[in-house]
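My numbering puts the first residue of the sequence shown at 21, with every later residue one more than the last. Just so you know, even glycine gets a beta-carbon here, dropped at the ideal spot from N, CA and C. First the structure, in the form of structure tokens, and then the observations on it.
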Amino acid sequence: MIRPFLASLTLALLACQPVAAKTCTPTWVSGWASSQFRPTGDAVLPAGTLADQTLRQIIRPSVAGDHVRVRLSNTAGTQPLHIAGASIARARGAASAAVDPATLVSLRFDGQPEVVIPAGADYLSDPVALPVQARDNLAVSIRYQGDPEQTSHPGSRATSWHLAGDHLTDDAMAGAASFDHWFHLAAVEVQRCAPGRLIVALGDSITDGKGSTTNGNDRWTDRLIDRLQADPKRRDIAVVNQGIGGNRLLNDGLGPNALARFDRDVLAQPGVTHLILLEGVNDLGTLTRDAPVSLDAHKAHVARIIGAYRQIIARAHARGIQVIGATIMPFVGNDYYHADAQNEADRQAVNAWIRAPGNFDGLVDFDRATRDPARPDRLLPAYDGGDALHPNPAGYRAMGDAVALALFD
């Protein structure tokens with residue numbers, strides 16, 4: 021009778037012991053990012069626009085987390101950038117400067133409210149406790165001292181707000197002026213227990229979202245985020261959009277060429293495991309935009325585009341990143357590039373290489389998803405944003421739906 025009693029007592033004592041808390045190794049992943057560079061043309065703000073102002077910018081992280089840190093950028097600067105302060109909060113909406121004051125957190129840099137970022141450099145804030153959900157609207161506010169040199173992402177498709185003086189803790193910013201660009205804001209990184217997995221979308225204006233709705237978050241990458249978040253097995257996968265309007269593989273356009281920006285915009289993103297590469301339509305179009313070229317020049321150009329793909333794949337593989345090739349979509353009918361039969365032949369040659377097994381680690385056939393079956397050298401009219409090159413929101417949705425989620429397993 022004693023042994024059963026002792027056994028029962030032991031079980032009872034064990035049941036009263038506190039259960040050890042589950043532990044994890046917190047990891048950082050880039051939850052949102054924008055490729056920063058020196059703006060040109062209409063994207064340049066008039067001198068003094070940001071002088072001694074507070075700039076509030078609205079972004080949406082693609083995954084949830086418990087802590088965040090902000091990456092500010094002076095990559096285009098030739099002089100140190102003096103940031104007099106910064107804050108982050110949950111925004112009231114995608115198209116409003118208002119924030120929830122209960123969530124407002126001041127950012128620090130090495131424990132200090134101010135930071136001086138060297139020319140050409142990025143700088144991370146100290147981590148702050150701010151639980152966020154995927155697709156939350158977050159407001160990052162920056163207080164400038166003096167008139168900053170401009171480093172920006174012009175094609176934000178999101179409204180930013182600026183007002184003279186210190187409004188870092190202002191919950192409304194009443195009377196603020198606005199523009200649709202991001203400045204000096206390179207990333208918002210998220211910390212969580214889940215293993216960091218990140219898809220970087222590297223591309224041009226089609227990835228950047230030209231033709232999508234301002235503040236509507238209906239780029240093809242937004243649709244991909246929605247699909248991942250709807251899938252319990254894959255909602256820990258983050259997505260960042262590193263598209264630049266006018267970007268090319270081989271030459272600088274609006275922003276540095278893809279090979280030049282690859283280290284900063286892809287390899288430097290924490291948690292990156294996959295790259296979706298949609299680049300090349302601007303390379304194909306600019307070849308003959310001003311004047312015809314010889315057949316040999318067409319062939320050499322195609323070979324150089326493929327060579328750039330090989331370079332990106334090799335550099336990504338050296339870091340353990342899988343590279344998914346995306347086929348180039350039709351652009352016959354576009355008035356800027358006025359593509360002819362030889363330009364279309366070039367596109368088909370490049371796409372044949374992208375589709376060929378063994379070149380990329382996976383395939384997203386955006387060409388097949390968006391082309392007109394009756395005229396496969398053109399976008400489907402229902403997806404055409406109006407210039408025979410950029411999709412409309414319905415076209416971007418079709419692109420996001422064309423990405424097989426199993427590619428990231």
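With respect to residue 289, residue 188 sits apart: the two C-beta atoms are not nearer than 9 Å. When the beta-carbon positions are compared, residue 139 and residue 166 stay at least 9 Å from each other. Under the three-state reduction of DSSP output, residue 261 falls in the strand class.
Going by beta carbons, residue 77 and residue 197 fall outside the 9 Å limit. For residue 413, the enclosing alpha helix (DSSP H) has its first and last residue at 413 to 421. At a Cβ-Cβ threshold of 9 Å, residue 370 and residue 344 do not count as neighbours. In the three-state DSSP reduction, residue 377 falls in the strand class (E or B).
Of the residues assessed, residue 81 falls on the buried side of the cut-off, its CB having 16 or more other CB atoms within 10 angstroms. In the DSSP assignment, residue 318 falls within the alpha helix (DSSP H) that extends over 315 to 337.
Between residue 420 and residue 241, the C-beta spacing is below 9 Å. The beta carbon of residue 70 sits closer than 6 Å to those of 164 and 168, all from its chain and outside the five residues before and after it, given in chain order. Just so you know, the alpha carbons of residue 207 and residue 314 end up roughly 43 Å apart. The region 410 to 429 makes contact with the region 223 to 233: 3 or more CB pairs, one atom from each, lie closer than 8 Å. Spanning the alpha carbons of residue 126 and residue 161 requires a straight line of approximately 9 Å. Judged by DSSP in its simplified three-state form, residue 112 adopts coil rather than helix or strand. In the structure shown, residue 164 falls within a strand segment according to DSSP collapsed to helix, strand and coil. Contact between the region 220 to 229 and the region 59 to 69 is absent: fewer than 3 CB-CB pairs across the two stretches fall below 8 Å.
Counting C-beta pairs with one atom in each stretch, the region 389 to 409 and the region 328 to 343 have fewer than three that are closer than 8 Å, which means they do not touch. In the same chain as residue 93, and ignoring 5 residues on each side of it, the C-beta atoms closer than 6 Å to its own belong to 56, 142, 171, 204 and 206, in chain order. Within the region 57 to 102, the runs of beta strand (DSSP E) that reach at least 3 residues and sit entirely inside it are, in chain order, 73 to 79 and 85 to 93. From the listed residues 110, 121, 259 and 106, the smallest Cα separation to residue 145 is found for 106. Going by beta carbons, residue 110 and residue 48 fall outside the 9 Å limit.
Spanning the alpha carbons of residue 267 and residue 303 requires a straight line of approximately 9 Å.
As DSSP reads the structure, residue 142 sits in a beta bridge with 93. Nearest to residue 262 by alpha-carbon distance, out of 238, 243 and 298, is 298.
Cβ atoms of residue 75 and residue 180 come within 8 Å of each other, at about 6 Å. Looking at the DSSP output, residue 169 sits in no beta bridge, so it has no partner there.
Residue 308 counts as buried, since no fewer than 16 other beta carbons sit within 10 angstroms of its beta carbon. Each of 83, 136 and 102 was checked against the Cα of residue 73, and the nearest Cα belongs to 102.
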